[in-house]
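In terms of the UniProt record's numbering, the sequence shown opens at residue 1 and continues consecutively. We put the CB at the ideal spot given by N, CA and C, even for glycine.
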Amino acid sequence: MQRSAPVDPTKMGVGKAIAVLTSGGDAQGMNAAVRATVRVGIYTGAKVYFVHEGGTVIGSARCQDFRSKEGRAKAACNLVKLGITNLCVIGGDGSLTGANEFRNEWSELLQILLKAGKITAEEAKHSSHLNIVGMVGSIDNDFCGTDMTIGTDSALHRIMEVVDAITTTVQSHQRAFILEVMGRHCGYLALVTALACGADWVFIPEMPPDEGWEDHLCRRLTYQRSIGNRLNVIIVAEGALDHHGKPITCDIIKNLVTKKLSFDTRATILGHVQRGGTPSAFDRILGSRMGVEAVMALLEATPDTPACVVSLSGNMAVRLPLMECVQVTKEVTKAMAEGRFEEAVKLRGKSFENNWNTYKLLAHVTAPDVKSNINIAIMNVGAPCAGMNAAVRSAIRIGILQGHSMLAVHDGFDGLAHGAIEPMTWGYVGGWTGKGGSNLGTKRSLPARMIEEISLNIAKFNIHALVIIGGFEAFVGGLELVTAREKYEELCIPLVVIPATVSNNIPGSDFSIGADTALNTITTTCDRIKQSAAGTKRRVFIIETMGGYYSNNNMCGYLATMAGLAAGADAAYIYEEQFGIHDLETNVEHLLEKMKTTVKRGLILRNEKCNANYTTDFIFNLYSEEGKGVFDCRKNVLGHMQQGGTPTPFDRNFGTKMGAKAVLWLTEKLKECYRHGRIFANTPDSACVLVMKKRATIFQPLSDLKEDTDSEHRIPKTQWWLKLRPILKILAKYKISLDTSETATMEHVIKKRGTV
């Protein structure tokens with residue numbers, strides 16, 4: 001990011017025209033990107049055009065005419081006649097490469113049109129250069145330079161819905177289950193599916209199995225049955241190959257398992273079901289953020305600016321040279337063709353590489369012969385949330401593979417104080433990845449009032465390190481344990497807090513396990529509620545989300561804001577952005593005007609404790625009274641349904657990786673803290689929160705985060721998502737000011753791959 005002199009965002013696009021098109025295969029979330037591009041373009045004063053059949057609401061197609069120069073000249077003529085010099089392309093690498101070639105030959109195309117008399121010299125002068133910005137829409141996540149492409153997360157939702165449904169029937173009959181997912185050249189969907197469902201084996205194009213994989217696979221499946229698992233899961237990417245370039249298909253694997261092991265085996269090929277359905281909350285927000293960034297990139301571009309693609313790096317929107325990304329994507333294909341598979345994995349990017357390394361760690365099922373004599377305890381603290389069990393499973397299995405003895409603490413700090421502690425085995429946590437809630441049991445109690453009992457049990461059970469998975473109580477509880485180190489030497493052990501809460505309110509961390517599942521629950525509910533008004537017309541829904549700060553809650557407005565962005569809300573009231581009666585009046589007037597358009601329904605989200613006086617009932621009554629005769633109101637309080645349900649693919653994968661990282665970090669920290677025959681850890685960096693910050697996961701000392709904590713309201717003092725609030729309002733067609741002083745700079749893929 002770089003800071004520049006602020007400009008009036010509503011004047012940035014005056015006199016300019018933007019065209020938006022979707023090309024290639026459709027992907028869920030494209031419509032959100034189109035919507036954001038159009039509305040932000042109009043907000044800046046630009047003229048915005050659709051290119052139809054460019055699914056999506058404007059149609060998506062693979063155009064043969066565009067492959068010829070004659071076809072491209074025809075396309076150029078259409079743009080010139082409308083004064084369009086800014087093109088936003090949403091598609092895969094083929095579409096984006098074609099768009100870049102179109103830009104490179106733009107001057108030549110203008111000359112062809114001039115000679116043919118199809119455009120005037122004045123028109124050619126006005127359209128002397130073409131700016132191109134791309135957004136990657138592809139369910140395969142096969143474009144290098146971005147962590148996630150638009151549509152990937154939604155495809156994972158479709159896949160996991162099938163896996164969860166089939167798992168129940170396969171377990172009933174004790175079967176092996178083989179699932180083929182899309183990915184002719186990229187194994188991302190297969191790899192993340194394998195992590196998210198705890199598969200026994202995954203086949204991906206980037207990393208063919210070793211020679212003799214058939215025997216290895218059979219040994220692994222046999223072992224899983226021997227330890228009591230009734231279910232075997234094998235995930236196959238459609239482009240999976242062996243080391244000789246021979247395809248590995250569902251049928252080949254099925255015949256192998258059936259003949260060699262006599263297992264009852266079923267195979268399913270998902271096909272295009274992965275492309276369909278409603279986009280996930282993640283894809284809607286990703287599409288919206290990318291659309292905003294694309295418009296800004298187009299309007300800030302000069303004739304010397306290379307065509308760029310806006311992408312996601314960690315939690316940040318970045319701009320990358322389009323052809324650098326295309327080049328690296330082609331390098332992956334070349335590396336695979338030449339047998340340089342380790343390099344192919346690295347070229348895919350840090351996100352893919354981390355997923356592969358985590359899978360490799362968890363794929364081993366044999367504990368080492370030599371034990372470490374280390375005992376690590378794991379506990380859940382605070383409210384339950386989806387993804388907690390995935391983190392526990394991963395932490396326990398990684399610990400076992402490190403030679404440690406893993407202990408489960410039931411019912412949070414209460415269990416630690418009362419000795420509700422038991423050893424855990426590999427098989428005990430089987431199948432936990434897809435289960436919601438907390439299988440260990442969790443409570444909100446803090447340790448300060450029972451610190452004596454806790455220290456005695458840490459000594460009694462010989463606990464050398466502690467993993468605390470939970471929300472704000474886990475964070476505060478960790479701080480209390482650190483403070484008590486001065487008095488109780490037993491507490492001088494390494495500990496790590498893994499953020500897991502639907503409220504996403506842990507200081508220092510951009511994301512918490514469980515927040516994505518809650519967000520999808522709210523978004524899906526909003527969709528259904530809005531659909532219920534399809535035949536009624538002129539109805540406004542007021543929906544209350546979690547996030548109060550009294551007793552067992554907190555004031556964080558993350559869920560209300562992000563669900564508002566994902567569901568297309570007209571307003572989202574939160575504590576962090578104070579509002580008064582004037583703001584409420586403005587929102588009512590906005591809805592009165594909206595009812596005069598073709599969209600005759602409204603959606604208002606309210607954080608449950610955003611304001612003590614402007615309650616959900618108050619807002620409902622106000623809207624009902626002021627909208628009388630124009631629209632009627634309904635209200636819904638979502639309550640604890642936001643904490644329930646099965647985890648989303650994101651939370652399963654996130655929890656799995658966080659659990660693994662935590663135990664690996666503790667393993668190294670224990671080596672540092674081993675002195676004179678015992679563990680002694682009392683430095684600030686021996687008690688950390690594993691946070692996701694912008695582009696990386698880092699271990700940040702608990703003590704360092706105290707300054708960034710609003711303890712009274714149980715929220716961080718700085719929250720990244722507040723910068724997305726203006727986008728929510730602009731997309732709802734409010735005339736507000738957008739801060740343009742901080743802009744994303746063009747980065748380079750090669751440098752990025754080497755440093756992130």
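Whole beta strand (DSSP E) elements within the stretch 489-525, 3-residue minimum: Considered as a whole, the stretch 489-525 harbours 495-499 as its complete beta strand (DSSP E) runs of no fewer than 3 residues, in chain order.
Cut-off 7 Å between Cβ atoms - residues of its own chain near C610, not counting five sequence neighbours on either side: G557, Y573, I574 and Y575
Three-state class that DSSP yields for C556 in the structure shown: coil
Pairwise C-alpha distance: S127 and K11: 20 Å
Residues of its chain near N552, where Cβ-Cβ distance is below 8 Å and the 5 sequence neighbours each way are ignored: Since pLDDT at N552 reaches only 47, below the 50 mark, its modelled position is unreliable, and the value read off the structure follows with that caveat. So the list reads A383 and R444, once near-sequence residues are dropped.
Where Y674 falls: helix, strand or coil (DSSP): strand
Same chain, Cβ closer than 6 Å to R753, five either side skipped, listed in chain order: With a pLDDT of 47 at R753, under the threshold of 50, the modelled position of this residue cannot be trusted, and the question is left open.
Classification of G427 by the beta-carbon crowding that lies within 10 angstroms, buried from 16 upward: exposed
Nearest-angstrom Cα separation, counted from G25 out to A61: Model confidence at A61 stands at a pLDDT of 48, short of 50, so the residue's coordinates are unreliable; what they give is reported in the following sentence. Cα to Cα, the separation comes out at about 7 Å.
Where K752 falls: helix, strand or coil (DSSP): Residue confidence is low: K752 scores 49 on pLDDT, short of 50, so the model does not pin down where it sits. No coordinate-derived value is stated.
Cβ neighbours of R319 in the same chain (closer than 6 Å, five flanking residues each side left out): A297, C308, V310, A744 and M746
Entirely enclosed beta strand (DSSP E) segments - the stretch 637-712, minimum 3 residues: 687-693 and 696-701
Assumed close pair I421, F461 - CB separation to whole angstroms, cut-off 8 Å: 5 Å
contact_flag[the stretch 32-52, the stretch 14-22] where n(CB pairs < 8 Å) is 3 or more: Contact between the stretch 32-52 and the stretch 14-22 is present, with at least three C-beta pairs closer than 8 Å.
Beta-carbon spacing of R393, W432 below 9 Å: yes
3 or more residues per run - each beta strand (DSSP E) lying fully within the stretch 207-273: 232-237 and 265-269
Nearest-angstrom beta carbon gap, A681 and C673 [assumed within contact, 8 Å]: Contact holds; Cβ gap of about 4 Å.
Neighbourhood of L110 by C-beta, 6 Å cutoff - its chain only, sequence neighbours within 5 removed: A124
Per-residue DSSP class, three states only, for K628: coil
Per-residue burial, residue 835 [other beta carbons within 10 Å of its own, 16 or more giving buried]: Outside the displayed range of the chain (1 to 756) lies residue 835, so it cannot be described from this structure.
Cutoff 7 Å; reference G436; Cβ partners in own chain excluding five residues on either side: A386, G644, G645, T646 and P647
Where V57 sits in the DSSP three-state scheme: Caution is warranted here: a pLDDT of 45 is assigned to V57, below 50, making its placement in the model unreliable, and the coordinate value is therefore given only provisionally. In the three-state reduction of the DSSP assignment, V57 falls in the coil class.
Test item: CB-CB of S509 and K661 under 9 Å: no
Straight-line gap, Q174 to I234 (C-alpha atoms, nearest Å): Spanning the two alpha carbons is a distance of roughly 14 Å.
Within 9 Å, strictly: CB atoms of S288 and L731: yes
Those residues which DSSP pairs with V192 across a bridge: Among the bridge pairs identified by DSSP, V192 is matched with none.
CA-to-CA distance, P303 to N131, given in whole angstroms: Cα-Cα distance, rounded: 7 Å.
Beta carbon of D140 nearer than 9 Å to that of C186: yes
For W201, the residue or residues it bridges with in DSSP: In the DSSP output, where bridge partners are listed per residue, W201 has I234.
Residue range of the beta strand (DSSP E) that includes T598: It is not in any beta strand (DSSP E) - T598 carries neither H nor E in the DSSP assignment.
Proximity of L189 and A267 at Cβ, strictly below 9 Å: no
Counted within 10 angstroms of its Cβ, other Cβ atoms place G117 as buried (16 or more) or exposed: Under this definition G117 is an exposed residue.
Top-ranked residue by Cα proximity to T278, from H364, D264 and S154: S154
Which of helix, strand or coil DSSP assigns to S107: S107 falls in the helix class under three-state DSSP.
Of the listed residues F352, L156, A73 and M388, nearest to residue 775 (C-alpha basis): Outside the modelled stretch of the chain, which goes from 1 to 756, sits residue 775, for which no answer is possible.
Span separating the alpha-carbon of Y549 from that of I529: With a pLDDT of only 45 at Y549, under 50, the local geometry of the prediction cannot be trusted, and the value read off the model is given with reservation. So the alpha carbons of these two residues sit roughly 27 Å apart.
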